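**Student:** If you scroll down you'll find the structure; I have some questions about it.
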Amino acid sequence: MSREKILQQVKENQPLLSPLPVIDITVTMDETAILNQFLSKLEMLHIAAFLANEYDDVKDIIHRETNGGRFVTTISEFRDMATLIEHSTEIPHSLEDVQAAIIPAHFGVAENGAVWITEDLVKYRVLPFIAQQLIVIVKRGHIVANMHQAYEKIANTSYDFAAFIAGPSKTADIEQSLVLGAHGPKAMMLFVVDEN
Amino acid sequence: MNVALFIPCYVDQFYPQVAIATLELLEKFGCKVSYPLKQTCCGQPMANSGFEHVSNACNTLFVENFAGYDYIVSPSGSCTLHIKDHLHTKAHTEAETQIRQRVYELTEFLTDVLKVKNIKAKFPHKVGMHQSCHGQRGLKLSQMTELNAPYYSKPGELLNMVEGIEIITLDRPDECCGFGGTFCVAEEAISAKMGKDRVADHVKNQAEYITAADMSCLMHLEGILKRQQSKTKVIHIAEILNAG
Amino acid sequence: MHTEVTNHADASVDFNKDEPRVDWHDKTLWFIREKRDKASHGIDEWEQLREYASQIKNNTLSRLSEYLIEFEGKAKENGIIVHWASDAKQHNHIVYSILHQQNVTRMSKSKSMLTEECGLNEYLDEHGIEVIDTDLGERIVQLAKEPPSHIVLPCIHKKKEEIGELFHEHLGTEKGASNPEYLTAAARAHLRETFLTRKAALTGVNFAIAETGEFVVCTNEGNADMGAHLADVHIASMGIEKLIPERKHLGVFLRLLARSATGQPITTYSSHFKKPRSGQEMHIVLVDNGRSIHLGKEDFRNALKCIRCGACMNTCPVYRRSGGHSYHNAVAGPIGSILTPNMDMKKNADLPFASTLCGSCTNVCPVKIDIHDQLYKWRQVLVQEGYAPAAKKVSMNMMGWVLSSPKVYDMAGKAARWTLRNTPFAISNKMNPWFKEREMPEAPKESFKEWYKKNRSQ
Chain A
1 MSREKILQQV KENQPLLSPL PVIDITVTMD ETAILNQFLS KLEMLHIAAF
51 LANEYDDVKD IIHRETNGGR FVTTISEFRD MATLIEHSTE IPHSLEDVQA
101 AIIPAHFGVA ENGAVWITED LVKYRVLPFI AQQLIVIVKR GHIVANMHQA
151 YEKIANTSYD FAAFIAGPSK TADIEQSLVL GAHGPKAMML FVVDEN
Chain B
197 MNVALFIPCY VDQFYPQVAI ATLELLEKFG CKVSYPLKQT CCGQPMANSG
247 FEHVSNACNT LFVENFAGYD YIVSPSGSCT LHIKDHLHTK AHTEAETQIR
297 QRVYELTEFL TDVLKVKNIK AKFPHKVGMH QSCHGQRGLK LSQMTELNAP
347 YYSKPGELLN MVEGIEIITL DRPDECCGFG GTFCVAEEAI SAKMGKDRVA
397 DHVKNQAEYI TAADMSCLMH LEGILKRQQS KTKVIHIAEI LNAG
Chain C
441 MHTEVTNHAD ASVDFNKDEP RVDWHDKTLW FIREKRDKAS HGIDEWEQLR
491 EYASQIKNNT LSRLSEYLIE FEGKAKENGI IVHWASDAKQ HNHIVYSILH
541 QQNVTRMSKS KSMLTEECGL NEYLDEHGIE VIDTDLGERI VQLAKEPPSH
591 IVLPCIHKKK EEIGELFHEH LGTEKGASNP EYLTAAARAH LRETFLTRKA
641 ALTGVNFAIA ETGEFVVCTN EGNADMGAHL ADVHIASMGI EKLIPERKHL
691 GVFLRLLARS ATGQPITTYS SHFKKPRSGQ EMHIVLVDNG RSIHLGKEDF
741 RNALKCIRCG ACMNTCPVYR RSGGHSYHNA VAGPIGSILT PNMDMKKNAD
791 LPFASTLCGS CTNVCPVKID IHDQLYKWRQ VLVQEGYAPA AKKVSMNMMG
841 WVLSSPKVYD MAGKAARWTL RNTPFAISNK MNPWFKEREM PEAPKESFKE
891 WYKKNRSQ
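Protein chains in written order, with the working numbering: chain A, 1 to 196; chain B, 197 to 440; chain C, 441 to 898.
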């Protein structure tokens, strides 16, 4: 059996125990600084970022900034402008013609502009990848400074699939020229919304 | 302070003026300098080619020559690093351990041991500083651009004490010149291309001279400059610090 | 796709025949090195993070057998099917069997250097299974029937005009078109169709977490996700060294990976696969292929810490001027030169010599692998094992003899200088590789030793 052979050989050859480090990175930024860093990273990542007081403002901006097509959402408050997905009942391929997906994220990360989403927030794993445009809503208080804080927040929460998403799909494989929309979304909007 | 002068073999044979400048410079700062006459080479050419085992006799000879001095100083970061990291004889003597601890490259000896704050030297020229890798990344003579750490440069500090000198800024401050010991012939195409690119950076930024703490890099760059019939010259840092 | 085995020096001569192209290649990669510098210098704790990453990986290697068992257990609990492959052949066979069982004859594949190492594409091709690489760069080299030349930037050696030509031939783009946006849009359409029609998708693995049994795949394009989330069968191939102990350790590695690789603060997608999608089959193939033996080599084991960021390639002044194919392996550059001799010493005996030992690779490495020191150590091993060319052996022994005797050394030096002064054509000629593009140093009449004897010695 390969398993036993590999494990045996690894066991024989692995070096003496080397201890794990204690990771201790202190954050000195306050909430405003964290938000500002987050917003500046979003710009770098080609994400159109907006601060909004409430969902109605978000909807106005979405109306203004997007064209027609099939809109879907997993946030019930947006059911008036997009088809609400409550469960994944179809095959994921059925989302192929989605123009825009409006989804929530658990939180954002200031140091890199990424947002954390889990399968339960998007219903279909493929949704944030297959839509032509991704629209993400994050609550204002839900921005952490760095990835260490992010994983503290994630801790032992359970998910089947999850991802950090930091912008529209992109590639620079052809002579290092940045092109947005390699396979997934060609554009991304992010709304930081006040908690109510 | 008893200082032994360790002169790399190719400097002894092809660049005696660099060794003379080093000797005179150390004497100016009050060192009692001796040059052990039976020295040949640090053994690096063999070792870097994978033939460490062939350099055994060379290592023993090195220990015979340099045992018992307070300091061993060399105008070469590369040879110094090799002694520090790889001087081992079969006998594993106390003497070789001492040598590894007491060997210094010239500029670090001046800044760290002699703590030189003033140099009476004059060199009214535009000079490009080539960071030889073994001195820079091995002996840490200067900060490295790859690291997120504060800037410093031991050879730079010394050059700044020289009257009239203008140190130019390079596009790539610490890219390897491509000499690399036997690499320079084994991988001739890459070695020459790297050398040409280094030279181009200095020439583009108007260097009259390219200096370094290692003559091996400069020998390689000089070969290219001469082939290109360039007006830019190479000069070892000891020669600048000992000038005027 | 097999790379023709050649040696690095000869391949470099070829690569350097087109000097403007070498300059272009060098500048492109140097630009990425600069982006990496900017990103890393923007993080105050950067050097601390490298130290953490190094220690976490040291710990991983020291407890690898325990972590593998822990990972396997958790992954199984998560509903993932776990396979073990001793070598490349077994890996390929496992993948084939999974596909065969499902009656799948066409598969999409996102970037996986491990499958390049194992030669999976050729194997599946021989067994009647079509594989489409979905990373844009990989698709390009696949169409060109070439291996990737860089682990992160597979087609960094290709010019857009050449890619335009390939796409015209294979994807029907306009002749002569070379605009990257236009070409990317064509690939997008072609690969979208692939994602939507393939029942199986293979991905690589960037990190696997022992604590939770999940694995993380990082891409910018989203191709791993498009493939995996639309396929009924997801196969993830990983080398056994890809493990990390705990989920929170991703905090360290995801901060380092993209910044080191391309200067981005994070890849666009960092996808955490923990359980198969409802109705989906998810497989993990744990591949050894020499790694467990490598682990036993004290001087070389820490190369297994590598997280495949490619920073050592971008910074390597040799790689930038010789191109990835000159390393004739799936993993090129400095890290390739210390990994590949573990697999095949004879075939890769040239690679540890394809370096000036400048040490820049070691400084950029986010997990602090002592790359240039290992290159030096590999040279010693390769010579001891008899892989040095005969001529080199003779000249090195000769040199060792000359340099161990002060008298012989003095004489030889004098003779060399005399020759250079009096009969320079004996040295400065076509037979001398130094002389091809460089002049010989001027030979002084007097060595320093001779001068010293006259001027200082009593």
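For each residue, glycine too, the CB sits at the ideal point set by N, CA and C.
This one's a predicted model, so the numbers in the text were calculated from it and none came from an experiment.
Is residue 329/B near the ligand ZN, going by C-beta to nearest heavy atom under 8 Å?
**Tutor:** You won't find the ligand ZN in this model; it holds no ligand whatsoever.
**Student:** Which whole-angstrom value describes the C-beta separation of residue 639/C and residue 665/C, a residue pair presumed to lie in contact below a C-beta threshold of 8 Å?
**Tutor:** Wrong, their Cβ atoms sit about 16 Å apart, outside the cutoff.
**Student:** With 16 other CB atoms within 10 Å as the buried threshold, where does residue 181/A fall?
**Tutor:** buried
**Student:** Which runs of the beta strand (DSSP E) spanning at least 3 residues fall entirely within the segment 683-761 of chain C, listed in chain order?
**Tutor:** 709-713 and 721-727
**Student:** I need the DSSP call for residue 405/B, collapsed to helix, strand or coil.
**Tutor:** Of the three classes helix, strand and coil, the one that applies to residue 405/B here is strand, per DSSP.
**Student:** Is the beta carbon of residue 642/C closer than 9 Å to that of residue 590/C?
**Tutor:** no
**Student:** Listing by chain order, which chain A residues have their CB less than 8 Å from the CB of residue 471/C?
**Tutor:** 176
**Student:** Restricting to Cα atoms, I'd like to know which of 703/C, 500/C and 895/C is closest to residue 11/A.
**Tutor:** 500/C
**Student:** Which bits of chain A does residue 526/C rub up against, with CB to CB less than 8 Å?
**Tutor:** 2, 5 and 6
**Student:** Between the alpha carbons of residue 273/B and residue 681/C, how many angstroms are there, rounded?
**Tutor:** 37 Å
**Student:** From what residue to what residue does the beta strand (DSSP E) around residue 678/C run?
**Tutor:** 673-679
**Student:** Which word fits residue 439/B, buried or exposed, when buried means at least 16 other C-beta atoms lie within 10 angstroms of its C-beta?
**Tutor:** Residue burial is scored here from C-beta neighbours: residue 439/B has at least 16 other C-beta atoms within 10 angstroms and is therefore classed as buried.
**Student:** Going along chain C, which residues have a C-beta under 9 Å from residue 108/A?
**Tutor:** Result: empty, since nearest Cβ-Cβ is about 12 Å, beyond 9 Å.
**Student:** Over the uninterrupted alpha helix (DSSP H) stretch that includes residue 241/B, give me the two end residues.
**Tutor:** Looking at the DSSP string, the run of the alpha helix (DSSP H) that includes residue 241/B is 240-244.
**Student:** Please report the residue range of the alpha helix (DSSP H) in which residue 463/C lies.
**Tutor:** 459-481
**Student:** Nearest-angstrom Cα distance between residue 14/A and residue 531/C?
**Tutor:** 23 Å
**Student:** DSSP on residue 503/C, reduced to helix/strand/coil?
**Tutor:** coil
**Student:** Since residue 521/C is in the beta strand (DSSP E), which residue starts that stretch and which ends it?
**Tutor:** 521-525
**Student:** Assuming residue 351/B contacts residue 433/B under a Cβ cut-off of 8 Å, what Cβ separation, rounded to an integer in Å, is found between them?
**Tutor:** 6 Å
**Student:** Please give the ranges of any beta strand (DSSP E) in the segment 243-309 of chain B, keeping only runs that are unbroken, at least 3 residues long and fully inside the region.
**Tutor:** Considered as a whole, the segment 243-309 of chain B harbours 267-270 and 299-301 as its complete beta strand (DSSP E) runs of no fewer than 3 residues, in chain order.
**Student:** Consider the Cβ of residue 152/A: report whether some Cβ of chain C lies at a distance smaller than 9 Å.
**Tutor:** True, the Cβ-Cβ gap to chain C drops below 9 Å.
**Student:** Using alpha carbons as the reference points, say which of 106/A, 172/A and 122/A lies closest to residue 88/A.
**Tutor:** Nearest C-alpha to residue 88/A: 122/A.
**Student:** What did DSSP end up calling residue 320/B once you bin it into helix, strand or coil?
**Tutor:** Coil, per DSSP.
**Student:** What are the boundary residues of the alpha helix (DSSP H) that residue 435/B is part of?
**Tutor:** 433-437
**Student:** Let me see if you follow: with CB-CB separation under 9 Å, is residue 896/C close to chain B or not?
**Tutor:** yes
**Student:** My understanding is that residue 323/B touches residue 407/B, with C-beta atoms under 8 Å, so please give their C-beta distance in whole angstroms.
**Tutor:** 5 Å
**Student:** Start and end of the beta strand (DSSP E) containing residue 81/A?
**Tutor:** That residue, residue 81/A, is in no beta strand (DSSP E); it is neither H nor E in DSSP.
**Student:** Thinking C-alpha only, which one of 394/B, 374/B, 206/B and 396/B is nearest residue 386/B?
**Tutor:** 374/B
**Student:** I'd like the span of the beta strand (DSSP E) that includes residue 198/B, first residue to last.
**Tutor:** 198-201
**Student:** Leaving out the 5 sequence neighbours to the left and right, which residues in its chain are closer than 6 Å to residue 198/B when beta-carbon positions are compared?
**Tutor:** 228, 265 and 266
**Student:** DSSP three-state call for residue 363/B: helix, strand or coil?
**Tutor:** strand
**Student:** Helix, strand or coil: how does DSSP classify residue 581/C here?
**Tutor:** helix
**Student:** Which residue marks the beginning of the alpha helix (DSSP H) containing residue 875/C, and which one marks its end?
**Tutor:** That run of the alpha helix (DSSP H) goes 873-877.
**Student:** Along the segment 644-666 of chain C, where does the CB come closer than 8 Å to a CB of chain A? Name the residues.
**Tutor:** Answer set for the segment 644-666 of chain C: 660, 661, 662, 663, 665 and 666.
**Student:** Are there 16 or more other CB atoms within 10 angstroms of the CB of residue 442/C, so buried, or fewer, so exposed?
**Tutor:** A caution first: residue 442/C carries a pLDDT of 44, below 50, which makes its placement in the model unreliable, though a value can still be read off. When all chains shown are included, residue 442/C counts as exposed.
**Student:** So for residue 157/A, helix, strand or coil by DSSP?
**Tutor:** Assignment of residue 157/A by DSSP, reduced to helix, strand and coil, places it in the coil class.
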